[in-house]
């Protein structure tokens, strides 16, 4: 679609970035906006991949939709005034759905620019997994094989590379203040690292250090469980501690230890489940409303990417790609946005509350792994097709929200700050909010002492 992006504006009213680091334009300098917007409404692209990884057809949730871009964040962050200006223009421009992959610490409603700007369409989303993982395998000279969660775009040029460890590659002549076994910055000698794969304890981004020392790759070991695959600067993989002990033993008992790290492979995985990085409730502002509302795919998402940045964001990285794989609640948000737009296309007269209700009451419950998972996934994983015909709908009007705010203890002044305009809102003019939460919400939750 030649007219996919129908408008673009940028805001820097607080001069948070005066232009020394980023172009003062709507252009996407770091890939976040391109990735999220293409997840919402990107057209189908065959052969999409990150250097051959996750190859297939990529498309947004509502590929027929058009996009208006409002750039409100810079390298230094996002200011309230820019956020509100973006909301104001989006509303004035007549957009149907506003997608905001931005978050922060909890704030009272009348102090929160996202709550103020979106008001009727307030939405907080959890991130869930998808049915594939990106695993990077390795092989030692003794035949041992293992794999870990990383995204390595590099294919080996040799069958095997010399293998060492951080402890063996320590810089013994310098004043070291770190841990050489963990390959901390400044603790290793280039002479001992160059051309070798290095085994490091822990997972602290050692690929950057080993790359500077001209190493051939990194094998890290960690006891921390993670489900997020991060893109590495050089061939790298992360194994568990048991495998790490075997690798360390091999290095210490072999005269010429060797290893090879292969390019990342895509494997099937059980899904959906709650992503490890996704936020958990209960929320701290309105205790009797369960947050988040929904879960949507946010782990290892392949989507379009800007060509103005490298795939890792590191300026010394030379890899530029039209697609990238990223994880985060920022990636879950556009999935929920697309689902809302899909429902609205069938029910153009439905309110934001009705659309949210339809998505929540038809969601698929996630697999519960612990007591806190049900406070992280909300109603469950979005199911847009089921949401088209939900049956019962929990709707709310403007007066419903005002009654809710009154029950929460807000007065005419603070309600006016949240809603805006010159009209005075007096709680005595509205019926008291009903129930423990004070609003017709599509989920039930009673706060206790957590």
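Numbering (the working numbering), first residue to last: 563 to 1012.
Beta carbons: idealized from backbone N, C-alpha and C, even for Gly.
Nearest residue (CA-CA) to residue i, options the options
| i | options | result |
| --- | --- | --- |
| residue 806 | 706, 857, 871 | 706 |
| residue 771 | 788, 791, 795 | 795 |
| residue 838 | 588, 861, 883, 870 | 861 |
| residue 852 | 640, 858, 886, 1004 | 1004 |
| residue 640 | 869, 789, 790, 664 | 664 |
| residue 714 | 789, 745, 779, 627 | 779 |
| residue 672 | 822, 973, 991, 696 | 973 |
| residue 689 | 981, 857, 1002 | 857 |
| residue 692 | 747, 832, 763 | 832 |
| residue 1016 | 811, 863, 627, 630 | Residue 1016 is absent from the structure shown; the chain starts at 563 and stops at 1012. |
| residue 781 | 761, 767, 797 | 761 |
| residue 1000 | 983, 981, 961 | 961 |
| residue 703 | 642, 720, 732, 697 | 720 |
| residue 788 | 809, 842, 812, 710 | 710 |
| residue 873 | 596, 840, 957 | 596 |
| residue 504 | 657, 618, 914, 865 | Since the first and last residues shown for the chain are 563 and 1012, residue 504 lies out of range. |
| residue 927 | 918, 941, 565, 919 | 941 |
| residue 619 | 750, 892, 865, 777 | 865 |
| residue 867 | 881, 951, 943 | 881 |
| residue 729 | 829, 712, 748 | 748 |
| residue 666 | 830, 891, 877 | 891 |
| residue 699 | 792, 800, 608 | 800 |
| residue 674 | 976, 983, 984 | 976 |
| residue 568 | 785, 695, 652, 950 | 652 |
| residue 909 | 955, 812, 718 | 955 |
| residue 994 | 608, 950, 964 | 964 |
Residues bridged to residue i [DSSP beta-bridge criterion]
| i | result |
| --- | --- |
| residue 640 | 635 |
| residue 827 | 697 |
| residue 782 | 762, 800 |
| residue 943 | 857, 926 |
| residue 567 | 629 |
| residue 805 | Per DSSP, none; premise fails for residue 805. |
| residue 615 | 612 |
| residue 732 | 750 |
| residue 607 | 620 |
| residue 836 | 690 |
As assigned by DSSP and simplified to three states, the class of residue i
| i | result |
| --- | --- |
| residue 954 | coil |
| residue 694 | strand |
| residue 961 | helix |
| residue 762 | strand |
| residue 599 | helix |
| residue 885 | strand |
| residue 724 | strand |
| residue 572 | strand |
| residue 993 | coil |
| residue 774 | helix |
| residue 713 | strand |
| residue 683 | Any reading at residue 683 must be qualified, since the residue scores a pLDDT of 45, below 50, and its modelled position is unreliable; the value itself is stated next. In this structure, residue 683 counts as helix in the three-state DSSP scheme. |
| residue 793 | strand |
| residue 755 | helix |
| residue 880 | coil |
| residue 821 | strand |
| residue 1001 | coil |
| residue 1013 | It is not possible to answer for residue 1013, since the shown part of the chain is limited to 563 through 1012. |
| residue 652 | helix |
| residue 707 | strand |
| residue 894 | helix |
| residue 688 | strand |
| residue 702 | strand |
| residue 646 | helix |
| residue 668 | coil |
| residue 586 | coil |
| residue 986 | coil |
| residue 658 | coil |
| residue 743 | helix |
| residue 976 | helix |
| residue 911 | coil |
| residue 1007 | coil |
| residue 919 | helix |
Within-8 Å CB hit, residue i to chain C
| i | result |
| --- | --- |
| residue 844 | Note that chain C does not occur in the displayed structure, where there is just one protein chain. |
- Item | Validate contact between the stretch 801–819 and the stretch 717–728 using beta carbons, cut 8 Å, 3 pairs | yes
- Task: For the stretch 851–875, list the alpha helix (DSSP H) runs that are entirely contained and at least 4 residues long, ordered along the chain.
- Result: none
- Query: Taking one C-beta from the stretch 904–923 and one from the stretch 871–888 each time, how about it: are there three or more such pairs within less than 8 Å?
  - Reply: no
- Item | the stretch 835–849 contacting the stretch 746–757, beta-carbon criterion three pairs below 8 Å | no
- Task: Flag this pair as touching only if the stretch 621–632 and the stretch 583–603 have three or more C-beta atom pairs under 8 Å; answer yes or no.
- Result: yes
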